[in-house]
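Trainee: Numbering-wise (the working numbering), the sequence shown opens with residue 3 and increments by one.
Built from N, CA and C at the ideal position, the CB exists for glycine as well.
Source: prediction; values computed, not measured.
I'd like to ask you about the structure that follows.
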Amino acid sequence: MESDQLTLRLPLKYVKGVPLIRYFAEALGPLQNFQARPDDLLISTYPKSGTTWVSEILDMIYHGGDLEKCHRAPIYIRVPFLEFSVPGIPSGLESALNTPAPRLLKTHLPVALLPQTLLDQKVKVIYVARNAKDVAVSYYHFYNMAKVHPDPGTWDSFLEKFMAGEVSYGSWYQHVQEWWELSHTYPILYLFYEDMKENPKREIQKILEFVGRSLPEETVERIVQHTSFKEMKNNPMANYSTLPCDVMDHDISAFMRKGIAGDWKKTFTVAQNERFDAHYAEKMAGSNLKFRDDI
Ligand code: A3P
Numbered sequence: 003m004e005s006d007q008l009t010l011r012l013p014l015k016y017v018k019g020v021p022l023i024r025y026f027a028e029a030l031g032p033l034q035n036f037q038a039r040p041d042d043l044l045i046s047t048y049p050k051s052g053t054t055w056v057s058e059i060l061d062m063i064y065h066g067g068d069l070e071k072c073h074r075a076p077i078y079i080r081v082p083f084l085e086f087s088v089p090g091i092p093s094g095l096e097s098a099l100n101t102p103a104p105r106l107l108k109t110h111l112p113v114a115l116l117p118q119t120l121l122d123q124k125v126k127v128i129y130v131a132r133n134a135k136d137v138a139v140s141y142y143h144f145y146n147m148a149k150v151h152p153d154p155g156t157w158d159s160f161l162e163k164f165m166a167g168e169v170s171y172g173s174w175y176q177h178v179q180e181w182w183e184l185s186h187t188y189p190i191l192y193l194f195y196e197d198m199k200e201n202p203k204r205e206i207q208k209i210l211e212f213v214g215r216s217l218p219e220e221t222v223e224r225i226v227q228h229t230s231f232k233e234m235k236n237n238p239m240a241n242y243s244t245l246p247c248d249v250m251d252h253d254i255s256a257f258m259r260k261g262i263a264g265d266w267k268k269t270f271t272v273a274q275n276e277r278f279d280a281h282y283a284e285k286m287a288g289s290n291l292k293f294r295d296d297i
């Protein structure tokens with residue numbers, strides 16, 4: 003894979019008020035030509051919420067738990083990332099066009115930027131949400147290692163930007179709430195990272211029911227095992243180690259970093275935590291969406 007014309011650390015570009023990685027913002031135009039199919043399944047998340055994990059689970063489900071088939075290609079090829087675009091690497095749109103039905107697709111887009119065809123075709127959505135504090139910490143490390151993002155600066159300044167929605171994909175608060183609202187009127191299975199950590203088998207059963215499939219008990223057990231953090235961290239088809247290191251530098255921070263709930267406690271200072279909690283209460287006031295920031 004080449005990544006020769008890649009320019010790193012470009013500033014974010016705002017589209018309809020939402021800041022995005024420059025290359026991804028520029029991919030939204032061509033993405034208007036994307037044609038969804040009713041049998042597509044869309045995985046939607048705010049970044050760093052367990053997207054890769056649920057993608058691997060779904061690819062396993064779609065292939066009846068066949069490990070060999072799920073080793074056929076890296077996760078970003080098996081589950082095309084719609085708005086993905088980086089010079090020298092097939093775009094999400096290209097990958098989607100080359101993927102046979104029924105397709106699994108991934109996006110981090112807020113509802114307002116989603117290609118309308120997905121909604122028109124009533125494409126089912128699995129949304130995964132993760133508590134804001136762990137997302138912020140995970141995102142900070144990701145910004146450092148994935149240099150298509152601007153420089154994150156210090157942790158303290160990154161946290162301020164995260165709270166203000168001035169990071170790629172904008173406000174976490176808005177994202178989790180608008181997809182939650184949409185789930186009341188549209189076919190969305192709304193899952194939580196913390197629930198998946200607590201009881202992956204239970205959450206996989208929910209997914210199976212939602213996608214209208216059933217698998218023998220032993221296959222479900224195999225999926226739980228294959229999609230554990232430890233397995234995925236060591237799986238080159240899941241851990242993003244196949245991307246060029248100028249796109250993702252795993253020596254700075256592994257993509258599969260810690261994979262736990264409550265890791266934020268090691269990073270937030272007491273003052274940052276107090277400030278964050280007060281701001282969080284304001285932003286989430288009136289919402290019945292409840293998160294666990296530990297399990
Ligand atoms: P951390 O940085 O906290 O470790 P995404 O795929 O949405 O970018 O999310 C990445 C986060 O999910 C990272 O969090 C990563 O380690 C975690 N993750 C990936 N696979 C996982 C798994 N199988 N179990 C638990 N966490 C996982």
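How would you call Pro152, buried or exposed, if buried means at least 16 neighbouring beta carbons within 10 angstroms?
Mentor: Here residue 152 refers to the residue found at position 150 when the sequence shown is read from its first residue. Per the 10 Å Cβ criterion, buried.
Trainee: Whole angstroms is fine: what's the gap from Ser159's alpha carbon to Met198's?
Mentor: As a working note, residue 159 is residue 157 in the sequence shown. As a working note, residue 198 is residue 196 in the sequence shown. Spanning the two alpha carbons is a distance of roughly 30 Å.
Trainee: Where DSSP assigns a beta bridge to Phe194, which residues make up the other side?
Mentor: By one-based count along the sequence shown, residue 194 stands at place 192. Its beta-bridge partners are Ala131.
Trainee: With 16 as the cutoff for other CB atoms within 10 Å, does Asp41 come out buried or exposed?
Mentor: Residue mapping note: residue 41 aligns to position 39 of the sequence shown, counting from 1. Counting the other CB atoms within 10 Å of its CB gives Asp41 a total below 16, which places it among the exposed residues.
Trainee: To the nearest angstrom, how far is the alpha carbon of Tyr48 from that of Val178?
Mentor: Numbered from 1 along the sequence shown, position 46 holds the residue referred to as residue 48. Numbered from 1 along the sequence shown, position 176 holds the residue referred to as residue 178. For Tyr48 and Val178, the distance between alpha carbons rounds to 7 Å.
Trainee: Any heavy atom of ligand 1 closer than 8 Å to the CB of Phe257?
Mentor: In the sequence shown, residue 257 corresponds to position 255, counting from 1. Yes.
Trainee: What's the C-alpha gap between Val150 and Ala29?
Mentor: Position 148 of the sequence shown holds residue 150. Position 27 of the sequence shown holds residue 29. Those two C-alpha atoms are separated by around 14 Å.
Trainee: Assuming contact is defined by CB atoms lying nearer than 9 Å, are Ala263 and Met147 in contact in what I supplied?
Mentor: As a working mapping, residue 263 is identified with position 261 in the sequence shown. As a working mapping, residue 147 is identified with position 145 in the sequence shown. No. Outside cutoff.
Trainee: How many whole angstroms separate the CB atoms of Gln37 and Thr119, which I take to be in contact at a CB cut-off of 8 Å?
Mentor: Looking up residue 37 in the sequence shown gives position 35. Looking up residue 119 in the sequence shown gives position 117. With 8 Å as the limit, Gln37 and Thr119 qualify as a contact, their Cβ atoms being about 6 Å apart.
Trainee: Tell me whether Ser5 sits in a helix, a strand or coil according to DSSP, three-state version.
Mentor: Your numbering for residue 5 matches position 3 in the sequence shown. With a pLDDT of 45 at Ser5, under the threshold of 50, the modelled position of this residue cannot be trusted; read the value that follows with caution. In the structure shown, Ser5 sits in coil (DSSP, three-state: anything other than H, G, I, E or B).
Trainee: Is it the case that the CB of His143 approaches a heavy atom of ligand 2 more closely than 8 Å?
Mentor: As for ligand 2, it is missing from this structure, which binds only ligand 1.
Trainee: By Cβ distance, which residues of its chain are closer than 7 Å to Pro76, with the 5 residues on each side in sequence left out?
Mentor: In the sequence shown, counting from the first residue as 1, residue 76 sits at position 74. The answer, listed in chain order, is Met239 and Thr244.
Trainee: How big is the Cα-Cα spacing for Tyr299 and Ser173?
Mentor: No answer is possible for residue 299: it lies beyond the span of the chain, which begins at 3 and ends at 297.
Trainee: Using alpha carbons as the reference points, say which of Val20, Ser46, His73 and Gly167 lies closest to Phe194.
Mentor: Counted from its first residue, the sequence shown places residue 194 at position 192. The residue among Val20, Ser46, His73 and Gly167 with its C-alpha nearest the C-alpha of Phe194 is Ser46.
Trainee: Taking 8 Å as the cut-off, does the CB of Val139 come closer than this to any heavy atom belonging to ligand 1?
Mentor: Walking along the sequence shown from the start, residue 139 turns up at place 137. Answer for Val139: yes, Cβ within range of ligand 1.
Trainee: What do you reckon, is the C-beta of Lys149 under 8 Å from a heavy atom of ligand 1?
Mentor: In the sequence shown, residue 149 corresponds to position 147, counting from 1. Lys149: no, Cβ never under 8 Å from ligand 1.
Trainee: Straight-line CA distance for Ala98 to Asn201?
Mentor: Looking up residue 98 in the sequence shown gives position 96. Looking up residue 201 in the sequence shown gives position 199. Roughly 31 Å separates the two Cα atoms.
Trainee: Verify whether the separation of the beta carbon atoms of Val169 and Tyr145 is less than 9 Å.
Mentor: Along the sequence shown, one-based indexing puts residue 169 at 167. Along the sequence shown, one-based indexing puts residue 145 at 143. Result yes, Cβ atoms of Val169 and Tyr145 sit closer than 9 Å.
Trainee: Going by beta carbon distance, what residues of the same chain come within less than 7 Å of Ile143, once the five residues before and after it are set aside?
Mentor: Reading the sequence shown from its first residue, position 141 is the one you call residue 143. Per the sequence shown, the amino acid found at residue 143 is His instead of Ile. Excluding positions up to five away in sequence, the list reads Ser255 and Arg259.
Trainee: CB-CB under 7 Å to Arg215, same chain, minus the five flanking residues each way: which ones, in chain order?
Mentor: Here residue 215 is taken as the residue at index 213 of the sequence shown, counted from 1. Answer for Arg215: Ile63, listed in chain order.
Trainee: Kindly list the residues whose CB is nearer than 6 Å to the CB of Glu4, restricted to its own chain and excluding five residues on each side of it in sequence; keep chain order.
Mentor: For the purposes of this step, residue 4 is taken as residue 2 along the sequence shown, with counting starting at 1. Its pLDDT being 45, under 50, Glu4 is placed unreliably by the model, and nothing is read from it.
Trainee: Secondary structure at Met258, three-state DSSP: helix, strand or coil?
Mentor: Position 256 of the sequence shown, counted from the first residue, corresponds to residue 258. Reduced to three states, the DSSP call for Met258 is coil.
Trainee: To the nearest angstrom, how far is the alpha carbon of Asp299 from that of Glu70?
Mentor: A question about residue 299 goes unanswered here, because the residues of the chain that appear run from 3 up to 297.
Trainee: Buried or exposed for Glu219, going by 16 or more other Cβ atoms inside 10 Å?
Mentor: Against the sequence shown, residue 219 aligns to sequence position 217. The residue in question, Glu219, is exposed, as its Cβ has fewer than 16 Cβ neighbours within 10 Å.
Trainee: Using the DSSP secondary-structure output, state which residues sit across from Thr47 in a beta bridge.
Mentor: Translated into positions along the sequence shown, residue 47 becomes position 45. Paired residue(s): Val130.
Trainee: Take Phe293 as the anchor and find which of Gly261, Tyr175, Ile209 and Asn241 has the nearest alpha-carbon.
Mentor: Taking the first residue of the sequence shown as position 1, residue 293 is located at position 291. Per the Cα distances, Tyr175.
Trainee: In the DSSP assignment, the beta strand (DSSP E) including Thr53 goes from what residue to what residue?
Mentor: The residue given as residue 53 occupies position 51 in the sequence shown. Taken as a continuous stretch (DSSP letters only), Thr53 belongs to no beta strand (DSSP E), being part of the alpha helix (DSSP H) at Thr53 to Tyr64.
Trainee: Pull up the distance between the alpha-carbon of Tyr242 and that of Pro112, whole angstroms please.
Mentor: Taking the first residue of the sequence shown as position 1, residue 242 is located at position 240. Taking the first residue of the sequence shown as position 1, residue 112 is located at position 110. Those two C-alpha atoms are separated by around 24 Å.
Trainee: In chain order, which alpha helix (DSSP H) runs of at least 4 residues are fully inside the region 196-268?
Mentor: 202-212, 219-228 and 231-235
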